[in-house]
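See structure below.
Chains as they are written, first to last, in the numbering used here: chain Z, 1 to 177; chain L, 1001 to 1476.
Below, the structure written as structure tokens:
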């Protein structure tokens, strides 16, 4: 994954509780430590804001993909029904957009959903052959991990460990990638 | 803090579960050897599937003449089964998407199995479309592809083509929604896997999920948009299915009430099927702490609501048939109730209108035995509803000289049985190899909806984090 460049040493604070880790993020940041990332078994609301992650633009991607779907549907029906093989069925005009609303809707939803999910996977570097960097295997079970990239912090290891412990970490481990 | 919940709310998760308990309880059946109950159920399903598959192949080999169709009743069990299965598929997306948008926490314990049910139900529905085509190897003709006959395209003005778009979109989006929902749990299973094979397989399917805050934030956003997309999709699919009938001129079909009526019926039957499946799962997999009486009651409330809507729709149909002054319409509805298929009509009325009204009683609503029985009754009733709409409308058309009766043959029945074999085989495979309850989502509600605080907490004032004050005393 692209998030780690070269051999990195990480201090990993392990927390038992989601509220504690959320509070710890603020405390650790206040103490001047740069947090690499926090890992949890379920989403913690407000954590991305506390970490300073920018708001996701997936919504914009979804809108654009949806627009693409509508356009495709419009072009498909217009081309087939008006130019390639104009046909009057049941007395309806060969091209009347209102008849094709179901087609527009379905293709909009289909392209929007597939495009957005694809964007999500690509933007998070997820894929069948991806080997995840796990700072602690228990973060997919019941623990919460705060990873501190030592190469991006000027504080001494002992100081960071103490800050993590003071913030409520049950244990602090060293992880080398 | 965010986890304060009113003491008047009954816990959704019982047994004082911790996060680790959730993982342990749900992963158990995935990681352990198959239970005896599962093995027996799976064996029966596979036998039924094999028998059904043989019958389906015989149907294709001989042609649709093996069915009881005739010139007048050209659609019968095939389309009845198709509409019924599509309807069943609707509860999954409803639970996942619409209840997510409405912030209904009780959905978390049942959404995974309900979504799986949707996928498999839509597969069963699609199998009847393939059967009904008679020549399934030409199924691709329904797709908008330039073909070998020149520039002849599908008729985009036909509800049957809308159906192709609607159902394939519904299936694809539901599958994606379900799979995306599985990612965090697949990662959990991956990280707990002991064998190399499991680690590899769950590793590949979990797509490298590591649960970072950034991923979770995007994931939640994506789930919300997918829910927003799926919600109108649910409505559109059964609306379009209903248009297969409503845009025709057959008395009994040509009604504007069909779209909302079909959607309500779909949710009605879908929830009944979810009840059946969840009640079995909770006992077989010992998940009574996760799928509680509260969940059962909530779903029964939805069944009561949608059942009542369906009941009103039946009465509205009758009223409009009379009020329109069209003699053919009036005849069609009187014939439904008193004609040769009166038994199907009254079976439908009894099962769909009367039986769900029993859920107004709190004791019945919260009873597992009553719920299971009434859910089976509702599913039978909804099958009869589709049968009544299709067969009784067709068997008396405008020309009395062409009036005919439909009698199912062994192949009509066997092909229906095939779909049960297919459905339960797929569902049992799902129940064995994937977590039937969404672990990650259940963990998010455990503090606010559980009997006890899941873990001892340090660093945060205890009084602020009370999940349920009544139960919190012993933790403090």
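Just so it is clear, CB atoms sit at the ideal spot from N, CA and C, and this is done for glycine as well. Treat the numbers as computed from the prediction; the structure is a model and nothing was measured.
By the criterion of a C-beta distance shorter than 6 Å, residue 1318 of chain L is surrounded in its chain by 1333, once the five residues flanking it on both sides are discounted.
By the C-beta criterion, the segment 1016-1024 of chain L is judged to be in contact with the segment 137-152 of chain Z, since at least 3 inter-stretch pairs fall below 8 Å. In the structure shown, residue 39 of chain Z falls within a strand segment according to DSSP collapsed to helix, strand and coil. In the DSSP assignment, residue 148 of chain Z falls within the beta strand (DSSP E) that extends over 144-149. When Z:97, Z:45 and Z:163 are compared, the shortest CA-CA separation from residue 1156 of chain L is found for Z:97.
At a cut-off of 8 Å between C-beta atoms, residue 165 of chain Z does not count as an interface residue with respect to chain L. By the 16-neighbour rule on beta-carbons within 10 angstroms, residue 1087 of chain L is buried.
A distance below 6 Å between beta-carbons, with the five flanking residues on each side excluded, links residue 1098 of chain L to the following residues of its chain, in chain order: 1231. The C-beta of residue 131 of chain Z comes closer than 8 Å to at least one C-beta of chain L.
The beta carbon of residue 1235 of chain L does not come within 8 Å of any beta carbon belonging to chain Z, so the residue lies off that interface. In this structure residue 1233 of chain L is in contact with residue 1093 of chain L, their Cβ atoms being roughly 7 Å apart against a cut-off of 8 Å. Contact note: residue 1229 of chain L reaches chain Z through 109, 112 and 113, using a C-beta cutoff of 7 Å and chain order.
By the Cβ rule, the segment 1201-1214 of chain L does not count as touching the segment 1276-1295 of chain L, because fewer than three pairs are nearer than 8 Å. Within chain Z, 43 have C-beta atoms less than 7 Å from the C-beta of residue 1220 of chain L, given in sequence order.
Collapsing the DSSP output to three states places residue 1307 of chain L in a helix. Going by beta carbons, residue 1059 of chain L and residue 1066 of chain L fall inside the 8 Å limit. Residues of the segment 1186-1211 of chain L that bring their beta carbon within less than 9 Å of a beta carbon in chain Z comprise 1187, 1188, 1189, 1190, 1191, 1192, 1203, 1204, 1205, 1206, 1207, 1208, 1209, 1210 and 1211, in sequence order. Counting of Cβ neighbours within 10 angstroms places residue 1407 of chain L among the exposed residues, the total staying below 16. In this structure, residue 1426 of chain L lies away from residue 1040 of chain L, with their beta-carbon atoms at least 8 Å apart. For the segment 1291-1307 of chain L, the set of residues with a beta-carbon nearer than 8 Å to any beta-carbon of chain Z is empty. Between the alpha carbons of residue 40 of chain Z and residue 101 of chain Z lies a gap of roughly 43 Å.
Residue range 1213-1246 is occupied by the alpha helix (DSSP H) that includes residue 1220 of chain L. For residue 1443 of chain L, the chain Z residues whose C-beta falls within less than 7 Å of its own C-beta are 41 and 42, listed in chain order. Not a single C-beta of chain L is nearer than 8 Å to the C-beta of residue 159 of chain Z. With a cut-off of 8 Å on Cβ pairs, the segment 1050-1064 of chain L is not in contact with the segment 1217-1224 of chain L, counting fewer than three such pairs.
Taken in chain order, the members of the segment 1162-1175 of chain L whose beta-carbon sits within less than 7 Å of a beta-carbon on chain Z are 1162, 1165, 1166, 1169, 1172 and 1173. Between the alpha carbons of residue 1355 of chain L and residue 1166 of chain L lies a gap of roughly 32 Å.
Contact check between the segment 1385-1394 of chain L and the segment 1250-1266 of chain L: three or more CB pairs, one atom from each, fall below 8 Å, which counts as touching. Put simply, the CB of residue 128 of chain Z is near chain L, with a gap under 8 Å to one of its CB atoms.
Beta-bridge partners of residue 10 of chain Z (DSSP): Z:149 and Z:175. According to DSSP, residue 1013 of chain L shares a beta bridge with L:1450. In this structure residue 1302 of chain L is in contact with residue 1271 of chain L, their Cβ atoms being roughly 5 Å apart against a cut-off of 8 Å. If only uninterrupted beta strand (DSSP E) runs of at least 3 residues are considered, none is enclosed by the segment 1414-1451 of chain L. For residue 106 of chain Z, a Cβ of chain L is located within less than 8 Å of the residue's own Cβ. The residue among Z:51, Z:106, Z:33 and Z:28 with its C-alpha nearest the C-alpha of residue 154 of chain Z is Z:33.
Look at the segment 1421-1438 of chain L: it has no residue with a C-beta under 8 Å from a C-beta of chain Z.
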